[in-house]
Each structure stands twice: as structure tokens, then as C-alpha cells.
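Q:
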């Protein structure tokens with residue numbers, strides 16, 4: 001029996017299999033020659049029949065497995081012994097500095113160029129927040145003459161002009177216009193912020209200039225094709241072509257070939273410089289100079305094939321246009337050099353004639369004219385007091401103003417399919433652009449230290465379409481909109497249909513006030529009557 005047991009155990013090693021004995025443990029006996037101590041085995045009833053035990057012996061020099069806890073603890077202890085790397089210092093713009101005391105803050109504001117021009121508050125707000133330093137003057141000395149020569153301006157320094165001339169600051173603004181966010185000087189805060197404020201203003205100047213141009217050039221066209229014409233001229237894909245036509249690409253990309261750059265590296269700097277350039281020109285020389293640079297320096301052609309709108313179904317226009325537009329397609333020189341006569345009824349008489357058709361006189365004396373017009377004029381504060389030499393001029397202006405107001409409230413569903421221009425669409429188009437420009441000027445003068453991107457977001461949030469319609473509805477002016485019988489019930493009971501119509505009427509009112517009384521009346525409507533900034537106290 002002992003011999004059979006030894007033969008069984010001789011094959012057992014560190015890795016072995018235990019088999020179940022068929023005999024009882026009490027029947028097995030051991031001799032004293034094996035061990036002086038008796039070996040006692042206790043049965044385990046819960047042990048499975050076939051259990052394989054694997055035991056691995058690891059030497060001290062063998063590497064531990066990657067997921068073993070001993071290895072992780074060992075590495076953790078080793079890392080604690082090593083010294084931690086030196087922490088990176090945050091950029092200076094993120095380090096909180098103690099606020100300036102009152103004396104230093106006062107000196108900083110009083111020495112700022114933004115507060116130096118009391119006669120031109122908008123121009124003053126677009127100047128840099130601090131005086132130009134040596135690096136700025138170096139760029140001006142090297143490149144400014146090339147820019148002025150390409151744009152067709154005299155090469156003399158603008159500082160020699162009088163203080164009452166806004167063009168005195170043209171050299172400074174022209175330098176800032178070329179300092180796009182990818183250039184070397186953009187790290188300077190006063191340069192970066194001033195450039196962004198210029199392009200923020202310039203984009204709305206361009207939109208308004210081209211809107212007025214196409215409204216007078218195409219007196220029968222609806223705003224849809226005109227928006228496509230504007231996009232074809234100043235869309236961001238076409239701006240590099242105009243920059244290259246004026247030979248300004250070397251000032252924007254002094255170290256690169258503009259034609260070899262990919263679109264995402266070429267278009268943003270060009271768009272930024274293009275917008276800022278017209279912001280500077282508008283501040284120093286006004287809107288006529290904007291037209292000259294657009295069509296003479298950059299060579300824009302409104303009749304080019306790539307600027308034409310897509311083909312669409314056109315409604316037949318059987319109504320008359322004003323005599324000055326009949327058979328005469330106005331050029332940019334006609335619009336840039338136009339000055340209204342002294343006894344003109346309106347601030348922009350030709351633009352008014354382009355938006356309000358002469359056939360509107362057929363609506364004089366209708367129900368809306370007697371019932372709704374007095375209430376609308378009372379809410380809007382019309383007519384404004386104007387000192388005219390002849391009383392007949394005041395009477396004629398008030399009649400035209402009443403017809404324009406009726407056109408502002410005339411929804412396209414009423415007469416557009418028979419008379420395409422008897423609706424508020426053209427007034428809405430010019431009103432939207434002048435509304436954007438007036439709000440941009442307001443934000444620039446109100447937030448002197450704000451960069452352009454912050455102003456852009458603020459501008460977008462204030463002038464959202466849903467807010468514009470809400471301001472009109474707060475004055476209960478939506479009750480006077482003239483719908484057709486088919487959509488009257490649907491628009492009154494459906495907010496999703498009604499709100500875009502109220503927004504369009506709001507913008508058409510701004511367009512009418514701009515053509516009749518000028519930009520000051522647009523400011524009055526936006527900030528006093530409708531309270532676009534929401535700063536006036538509300539009635540409880």
C-alpha cells in the first residue's frame with residue numbers, strides 16, 4: 001500500500017492535480033520511516049471533484065505584470081520621489097491686477113485719444129485707446145504712403161489739417177485699418193481693439209451704401225435680387241479680387257503670396273481689412289467717398305455677370321416710377337454727387353421716390369387714412385416740427401408722410417401680385433440697413449473700451465428679429481397692418497405667422513423716417529419711442 005502511494009506521489013510537482021481517493025482515510029497507514037511526526041488529514045466535504053491549482057513562482061529579478069498592484073504601488077512611490085516639474089506661468093492678460101486708483105484712472109481717460117474730439121464723438125470713439133508708439137509710427141513711415149497712393153489720396157500728412165476737419169485723423173485710422181488679427185502688431189491691445197471697432201462699423205456702412213445704390217439704380221426691382229447683387233459684390237469670396245485690383249495685397253500679406261494661400265488663411269484677413277478700411281473712410285470723408293473707393297479704386301462693376309441675381313419669376317409691374325428714374329439707370333457718380341435742393345420735401349428725396357411709388361396717391365382718403373393714420377402718427381410723434389420757408393412745403397411733406405406710413409403697414413398679401421411695389425418690402429430693406437448702422441454707432445459711442453467682437457454680439461442680440469417685432473407690438477401698432485382677406489384670420493390667430501410681419505413693419509418705419517427726416521429721426525424712433533436698448537422705465 002505504501003509502495004503504491006509513493007508511486008502516485010512521485011509524479012506530483014509544483015503544478016499537480018489532486019484526485020479523489022476511493023478509500024477512506026482511516027484505512028491508510030504510514031510508517032515512522034517517513035517522518036517522526038504524524039500527518040493528519042481532515043476531509044473537506046465541500047471540495048469539488050476536479051480542481052486544478054496553478055502556482056507560479058516568480059523570481060526577484062523577473063518583472064511584475066503591468067496590471068499587478070505591486071507594480072503600480074512601486075511606480076507610485078518612485079514618482080513621489082521625483083521632483084514635480086515647474087508650473088507654467090499663465091499669460092499676463094489672465095493675471096488679475098489691482099484696480100487703478102482714481103487719480104491714475106482719471107489721467108488714463110483724459111490722455112486717451114478717444115476723448116480728444118468733442119466735435120466728432122463717433123470718430124473720437126473709434127480712435128485707439130492710447131497714443132501710437134514707436135512701432136506704430138515705424139509702420140506708418142514705411143507703408144502708409146503706399147496705401148494712400150493706391151486709394152487715391154494726397155500723400156501729405158493728415159495731421160497738418162485743421163482741428164475742425166475729421167480727415168485730420170485719417171492717417172491714424174488708415175494705419176489701424178490694415179492691422180488685421182493675423183499681423184505683427186495685433187499683440188498691442190490698443191491696435192487690436194481699434195481695428196476690430198473699425199471693421200464692426202465698416203460692414204454696416206457697406207451694406208447701407210450698396211442698398212441705397214441698388215434701390216435707386218433699379219427702381220422696379222424687389223429686395224431679393226438686390227440682396228444677391230450686394231452679396232456678389234462684397235461677399236467674402238470676392239473680396240480678395242478687389243484687394244488685388246487695388247494692389248493692396250502686399251500691405252495685408254507682406255511675407256506671403258495671397259494667391260497661394262488657402263481660403264481660411266486668405267479670406268478672414270482680407271475681409272477684416274476691407275471692412276475696417278470703409279469704416280475709416282466713412283468716418284473721415286462720408287458716404288460719397290465710400291462710393292468713389294468702391295467703384296473707382298476697387299473697380300466694382302454692378303453689371304458684371306458674377307454679380308447678377310439668379311433668374312426668377314418676375315411679377316409684371318404696370319405702375320409708374322418717378323420721372324428721374326424713368327428710362328434712366330443711375331450710375332454711382334449720380335448717387336455720390338447728388339445733393340437735394342434747398343426746398344426739398346425730404347432729407348433723402350430721391351431715395352424716398354425710389355421706395356414710395358407715385359401711385360400711392362390713389363390711397364388718399366381711404367378708410368385707413370382717416371381711421372388708422374391719426375393714431376399711428378400720434379404714437380410715433382409725427383409730424384415733426386420743421387421750419388419751412390413756404391407753408392405749402394410742410395403740407396406736402398405731411399401728405400407724403402401719411403402715404404409712406406400707409407405703405408409701411410401694407411402687407412405683401414394685399415396688393416403685391418397685381419402691383420409689386422405696393423408693399424413695405426423696399427422700405428423694409430433700407431430700414432434694416434439704417435437700423436444696423438444707427439445701432440452700431442450707438443454702441444461704439446457708448447462702450448469706448450469694448451472690442452469689435454463683443455460689440456458685434458451685443459448688436460446681434462439687441463436687433464434680433466423677434467425683438468424688433470415685439471417693440472412694435474408693445475405700442476399696439478400691429479393692429480393697423482393691412483392684410484388681405486385670405487390671411488387676415490390666419491395672421492391674427494397665429495403668432496408664428498404674425499411676428500415676421502410685425503418685424504418687417506418695424507424696419508419699414510425706420511426706412512421711412514430715414515428718407516423723410518434723416519438719421520436723427522431714426523435714432524429718435526429706436527431709442528426714445530421703441531426703446532431698443534430697454535433702459536426706459538416700464539409702466540407697472
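Residue numbers (the UniProt record's numbering): 1 to 540. The beta-carbon is built from N, C-alpha and C at its ideal position, and this holds for glycine as well.
1) By DSSP, does residue 33 sit in helix, in strand, or in coil?
2) To the nearest angstrom, how far is the alpha carbon of residue 146 from that of residue 447?
3) Suppose contacts are defined by Cβ-Cβ distances below 8 Å. Is residue 125 in contact with residue 112 by that definition?
4) Whose C-alpha, out of 404, 418, 207, is nearest the C-alpha of residue 516?
5) Output needed for residue 71: all residues of its chain with C-beta closer than 6 Å, excluding positions within five of it in sequence on either side, in chain order.
6) Does residue 410 come out as helix, strand or coil in the three-state DSSP assignment?
7) Given this structure, state the Cα-to-Cα distance separating residue 367 from residue 356, to the nearest angstrom.
8) Excluding the 5 residues flanking residue 202 on each side, which residues of the same chain have their C-beta closer than 6 Å to its C-beta?
9) Should residue 410 be labelled buried (16 or more other beta-carbon atoms within 10 Å of its own) or exposed?
10) Below 8 Å on the Cβ atoms is my guess for residue 212 versus residue 309; work out the distance and round it to an integer in Å.
11) Nearest to residue 469 by alpha carbon, out of 183, 187, 428, 331?
12) Reducing DSSP to helix, strand and coil, say where residue 479 ends up.
13) Since residue 247 and residue 150 should fall inside the 8 Å C-beta cutoff, what is the C-beta to C-beta distance between them, to a whole number of angstroms?
14) Could you give the DSSP three-state label for residue 206: helix, strand or coil?
15) Roughly how many angstroms separate the alpha carbons of residue 234 and residue 422, rounded to a whole number?
16) Nearest to residue 300 by CA position, among 352, 353, 242, is which residue?
17) Does the structure place the region 486-498 close enough to the region 447-466 that three or more beta carbon pairs sit under 8 Å?
18) Please name the residue in 387, 426, 365, 268 whose C-alpha comes closest to that of residue 181.
19) Less than 8 Å separating the beta-carbons of residue 170 and residue 284?
20) Would you kindly check if the distance between the Cβ of residue 480 and the Cβ of residue 413 is under 8 Å?
21) Which whole-angstrom value is the C-beta distance of residue 437 and residue 205, which I expect to be below 8 Å?
22) Does DSSP put residue 5 in a helix, in a strand, or in coil?
23) CB-CB under 8 Å to residue 434, same chain, minus the five flanking residues each way: which ones, in chain order?
24) Counting C-beta neighbours from all protein chains within 10 Å, is the total for residue 399 16 or more, i.e. buried, or is it exposed?
25) Using a Cβ-Cβ cutoff of less than 8 Å, which residues in the same chain neighbour residue 326 once the five nearest sequence positions on both sides are dropped?
26) Assuming residue 220 and residue 317 form a contact by the criterion Cβ under 8 Å, report the distance between their Cβ atoms to the nearest whole angstrom.
27) Count the other CB atoms within 10 Å of the CB of residue 466; is the residue buried (16 or more) or exposed (fewer)?
28) According to DSSP, is residue 180 helix, strand or coil?
29) State the start and end residues of the unbroken alpha helix (DSSP H) segment that holds residue 357.
30) So what's residue 256 in DSSP terms, helix, strand or just coil?
31) Please go through the same chain and pick out, in chain order, the residues whose beta-carbon is closer than 7 Å to the beta-carbon of residue 3, but skip the five residues on each side of it.
32) So what does DSSP say about residue 273, is it helix, strand or coil?
33) Please classify residue 472: is it buried, with 16 or more other beta-carbons within 10 angstroms of its beta-carbon, or exposed?
34) Determine the direct distance from the alpha carbon of residue 361 to that of residue 451, and round the result to whole angstroms.
35) Can you tell me the Cβ-Cβ gap for residue 198 and residue 215, rounded? I've got them flagged as a contact below 8 Å.
36) Is the beta carbon of residue 455 sitting closer than 8 Å to the one on residue 253?
A: Short version:
1) Counting from one through the chain shown, the residue named residue 33 turns up at place 33. Caution applies to residue 33, whose pLDDT of 46 falls short of 50 and renders its modelled position unreliable; the value that the coordinates give is listed next. In the structure shown, residue 33 sits in coil (DSSP, three-state: anything other than H, G, I, E or B).
2) As a first step, residue 146 must be located in the chain shown, where it is residue number 146. As a first step, residue 447 must be located in the chain shown, where it is residue number 447. Using only the alpha carbons, I get a separation of about 33 Å.
3) As a first step, residue 125 must be located in the chain shown, where it is residue number 125. As a first step, residue 112 must be located in the chain shown, where it is residue number 112. Contact: no.
4) Counting from 1 along the chain shown, the entry for residue 516 is found at position 516. The option with the nearest alpha carbon to residue 516 is 404.
5) Within the chain shown, numbered from 1, the residue matching residue 71 stands at position 71. Only 64 meet the Cβ criterion.
6) In the chain shown, the residue the question calls residue 410 occupies position 410. Correct three-state label for residue 410: strand.
7) The count along the chain shown starts at 1 and reaches residue 367 at position 367. The count along the chain shown starts at 1 and reaches residue 356 at position 356. Computed Cα separation, rounded: 20 Å.
8) Residue mapping note: residue 202 aligns to position 202 of the chain shown, counting from 1. The residues are 275, 276, 278, 279.
9) The sequence position of residue 410 within the chain shown is 410, counting from 1. Burial call: buried.
10) The sequence position of residue 212 within the chain shown is 212, counting from 1. The sequence position of residue 309 within the chain shown is 309, counting from 1. Contact flag wrong, Cβ pair sits at about 18 Å.
11) As a first step, residue 469 is located in the chain shown; it is residue number 469 there, counting from the start. The option with the nearest alpha carbon to residue 469 is 428.
12) Residue 479 sits at position 479 when you count from the first residue of the chain shown. In this structure, residue 479 counts as helix in the three-state DSSP scheme.
13) Along the chain shown, read from residue 1 onward, the residue named residue 247 stands at position 247. Along the chain shown, read from residue 1 onward, the residue named residue 150 stands at position 150. Correct: roughly 5 Å between the Cβ atoms.
14) The residue you call residue 206 lines up with position 206 of the chain shown. Residue 206: helix per DSSP, three-state reduction.
15) Reading the chain shown from its first residue, position 234 is the one you call residue 234. Reading the chain shown from its first residue, position 422 is the one you call residue 422. Those two C-alpha atoms are separated by around 29 Å.
16) Here residue 300 refers to the residue found at position 300 of the chain shown. Checked all of 352, 353, 242; the closest Cα to residue 300 is 242.
17) no
18) Along the chain shown, read from residue 1 onward, the residue named residue 181 stands at position 181. Residue 181 has its Cα closest to that of 268, out of 387, 426, 365, 268.
19) Locating residue 170 in the chain shown gives position 170, counting from the first residue. Locating residue 284 in the chain shown gives position 284, counting from the first residue. Going by C-beta atoms, residue 170 is nearer than 8 Å to residue 284.
20) One-based indexing of the chain shown puts residue 413 at position 413. One-based indexing of the chain shown puts residue 480 at position 480. Contact: no.
21) Your numbering for residue 437 matches position 437 in the chain shown. Your numbering for residue 205 matches position 205 in the chain shown. Yes, they are in contact, since the Cβ atoms of residue 437 and residue 205 sit about 7 Å apart, within 8 Å.
22) Translated into positions along the chain shown, residue 5 becomes position 5. Confidence at residue 5 is low in this model, with a pLDDT of 44, below 50, so the placement of that residue should be treated as unreliable; the coordinate-derived value is given next. Residue state, collapsed to three classes: helix.
23) The sequence position of residue 434 within the chain shown is 434, counting from 1. Closer than 8 Å at Cβ, skipping near neighbours: 208, 510, 511, 514, 519, 522.
24) Counting from one through the chain shown, the residue named residue 399 turns up at place 399. With fewer than 16 other Cβ atoms within 10 Å, it is exposed.
25) For the purposes of this step, residue 326 is taken as residue 326 along the chain shown, with counting starting at 1. Excluding residues within five positions, the ones whose Cβ falls inside 8 Å are 320.
26) Numbered from 1 along the chain shown, position 220 holds the residue referred to as residue 220. Numbered from 1 along the chain shown, position 317 holds the residue referred to as residue 317. Correct: roughly 5 Å between the Cβ atoms.
27) Here residue 466 corresponds to residue number 466 of the chain shown, with the count starting at 1. It is exposed - the Cβ of residue 466 has fewer than 16 other Cβ atoms within 10 Å.
28) Taking the chain shown and counting its residues from 1, the one referred to as residue 180 is at position 180. Of the three classes helix, strand and coil, the one that applies to residue 180 here is coil, per DSSP.
29) If you number the chain shown from 1, residue 357 lands on position 357. First-last for residue 357: undefined, no H or E at that position.
30) Numbered from 1 along the chain shown, position 256 holds the residue referred to as residue 256. Note: residue 256 maps to coil in three-state DSSP.
31) Along the chain shown, read from residue 1 onward, the residue named residue 3 stands at position 3. Residue placement at residue 3 is flagged as unreliable, the pLDDT there being 47, under the threshold of 50; the coordinate-derived value follows with that caveat. Cβ within range, chain order: n/a, list empty.
32) Here the question's residue 273 lines up with position 273 in the chain shown. It is helical.
33) The count along the chain shown starts at 1 and reaches residue 472 at position 472. Classification for residue 472: buried.
34) Working through the chain shown from its first residue, we reach residue 451 at position 451. Working through the chain shown from its first residue, we reach residue 361 at position 361. Cα-Cα distance, rounded: 48 Å.
35) As a position in the chain shown, residue 198 is number 198, starting the count at 1. As a position in the chain shown, residue 215 is number 215, starting the count at 1. No, residue 198 and residue 215 are not in contact; Cβ-Cβ is about 26 Å, not under 8 Å.
36) By one-based count along the chain shown, residue 455 stands at place 455. By one-based count along the chain shown, residue 253 stands at place 253. Contact flag unset, no.
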